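*Asks:*
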Amino acid sequence: MGYESIWVEIDSQNKFSQLLNCKKQYMGENTTFIVASPSHILALYARLVLSRKIYLDAGWPLSDGVVLSRREYGFMGFRALLIYLLDFFAFHSSSMIFLESTAQVRSVRTKFLLPQKKLVVLETGFDENRVKDKKRAQVVAKRFTTLLFRGGAQQEAGLTVLTEVIKLLKNRKDIRFIVASKGFKVDTKDLNNVRIYDEFLSDQELWEFYSQADIVLGQLSKHPRLKRTLPHKFFEAGYFKKCYLTSNLGAISEFTEQGLVFGFNGGSAESLVDAINELMNKKNLRTGLGRSLGEFYLENFSQKALTIKLVNNVVR
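Using the numbering used here, you'd call the opening residue of the sequence shown number 87 and step up by one each time.
1) For residue 379 versus residue 336, is the C-beta distance shorter than 8 angstroms?
2) Of the choices 302, 220 and 241, whose alpha-carbon is the least far from that of residue 288?
3) Go ahead and pull the three-state DSSP assignment for residue 261.
4) State the Cα-Cα distance for the pair residue 292 and residue 178, rounded to the nearest angstrom.
5) Between 333, 315, 312 and 366, which has its C-alpha nearest residue 260's C-alpha?
6) With a threshold of 16 other CB atoms inside 10 Å of the CB of residue 99, please say whether the residue is buried or exposed.
7) Starting from residue 300 and walking both ways along the beta strand (DSSP E), at which residues does that stretch end?
8) Counting only runs of 4+ residues fully inside the stretch 94–130, write out the alpha helix (DSSP H) ranges in chain order.
9) In whole angstroms, give me the CA-to-CA distance for residue 258 and residue 248.
10) Helix, strand or coil for residue 195 per DSSP?
11) Rounded to the nearest angstrom, what separates residue 358 and residue 334 at their Cα positions?
12) For residue 212, which residues in the same chain have their Cβ closer than 6 angstroms to its Cβ, ignoring the five residues on either side in sequence?
13) Helix, strand or coil for residue 371? Go by DSSP, reduced to three states.
14) Could you compute how far the alpha carbon of residue 119 sits from the alpha carbon of residue 304?
15) Would you mind giving the Cβ-Cβ distance between residue 206 and residue 175, rounded to the nearest angstrom? I have them listed as a contact below 8 angstroms.
16) Is residue 400 near residue 141, with beta carbons less than 8 angstroms apart?
17) Starting from the C-beta of residue 300, find all residues in its chain whose C-beta is less than 8 angstroms away, skip the five residues before and the five after it, and write them out in chain order.
18) Closest by CA to residue 208, which one among 107, 315 and 311?
19) Taking the Cβ atom as the reference point for each residue, do residue 123 and residue 145 lie within a distance shorter than 8 angstroms?
20) Should residue 164 be labelled buried (16 or more other beta-carbon atoms within 10 Å of its own) or exposed?
21) Could you give the uninterrupted runs of the alpha helix (DSSP H) lying entirely in the stretch 166–248, keeping only those of 4 residues or more?
22) Looking at C-alpha atoms only, which residue of 310, 243, 391 and 361 is the closest neighbour of residue 319?
23) How is the alpha helix (DSSP H) around residue 394 delimited, first residue to last?
24) Enumerated in chain order, which unbroken segments of the alpha helix (DSSP H) with a length of 4 residues or greater are wholly contained in the stretch 269–344?
25) Taking the continuous beta strand (DSSP E) assigned at residue 255, which residues delimit it?
26) From residue 215 to residue 290, what does the alpha carbon distance come to, in whole angstroms?
27) Classify residue 89 as helix, strand or coil using the three-state DSSP reduction.
As structure tokens, then:
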């Protein structure tokens with residue numbers, strides 16, 4: 087687009103000195119500073135040191151990701167208050183804040199008392215650099231359908247639902263599950279239909295697992311955070327042109343209504359089993375969903391599309 091961009095990593099122990107170096111090296115009449123998630127706190131320091139407009143590519147409040155995602159119940163006390171205050175001052179120090187969905191914009195505007203004009207929807211997308219140099223795996227004929235679940239063990243993931251579904255379908259020889267989730271534990275003694283990968287995925291492993299998948303499982307719970315968030319694996323499924331099966335709660339419901347993803351009643355193992363059976367019986371449906379999501383991703387959520395969207399908002 088004719089703009090030069092420079093990525094600078096700031097050491098958390100030397101924020102002031104490194105930001106001063108940025109000011110000396112890069113400050114120009116048309117220089118724009120963008121703080122990337124999850125370094126929200128840098129917006130405060132950058133606004134103070136650089137004395138320029140700061141654009142915060144937040145995605146979501148830290149209080150969503152750290153507090154709500156991991157502690158739906160229970161009291162976090164002073165730590166929760168500190169995280170909320172960090173969000174509050176980071177947002178108010180920024181000239182523009184990019185958030186992952188329209189629902190997230192509404193929530194942040196109300197929760198942190200922000201004007202609408204500061205808030206812009208910019209989906210998180212997928213880091214395509216992770217797989218751009220990978221070679222496509224050889225297609226191998228198989229007699230079963232592979233369902234891939236990947237992601238962390240946060241409450242919204244719905245791993246208890248996944249465990250129940252794996253057990254309900256354990257006698258189905260035409261179904262295999264790949265579960266790539268750090269911290270996921272299940273007794274596989276009597277389960278021949280699941281492969282568990284309890285580690286963080288390398289770029290090559292990410293590529294290989296998606297190459298094997300016929301259906302990608304999204305978030306499976308009915309956690310309140312799903313009302314606002316669009317999970318990373320939604321964008322991954324779009325990039326790889328895979329059928330995406332997910333809880334139909336909240337922000338993702340926009341895409342189930344458009345016929346781009348397949349939804350079920352979040353939190354219900356029985357509903358998920360019914361959805362899996364329907365997709366198993368309708369191969370054309372699942373391949374069509376994957377193709378449609380892939381086309382939509384390319385036009386709206388690819389790195390190129392999101393970069394253009396970000397730049398257009400910054401230079402407007």
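Heads up, the beta-carbon is just placed ideally off N, CA and C, and yes, glycines get one too. Since we're looking at a predicted model, the values are computed, not measured.
*Replies:* In short, the structure shows the following:
1) no
2) 220
3) strand
4) 37 angstroms
5) 366
6) exposed
7) Note, residue 300: premise wrong, no beta strand (DSSP E); not H, not E.
8) 101–112
9) 15 angstroms
10) helix
11) 11 angstroms
12) 321, 322 and 325
13) helix
14) 34 angstroms
15) Contact flag wrong, Cβ pair sits at about 19 angstroms.
16) yes
17) 231, 232, 233, 328, 329 and 372
18) 315
19) yes
20) exposed
21) 188–197
22) 243
23) 389–400
24) 289–298, 318–326 and 339–343
25) Counting along the chain, residue 255 falls outside any beta strand (DSSP E), and DSSP gives it neither H nor E.
26) 12 angstroms
27) coil
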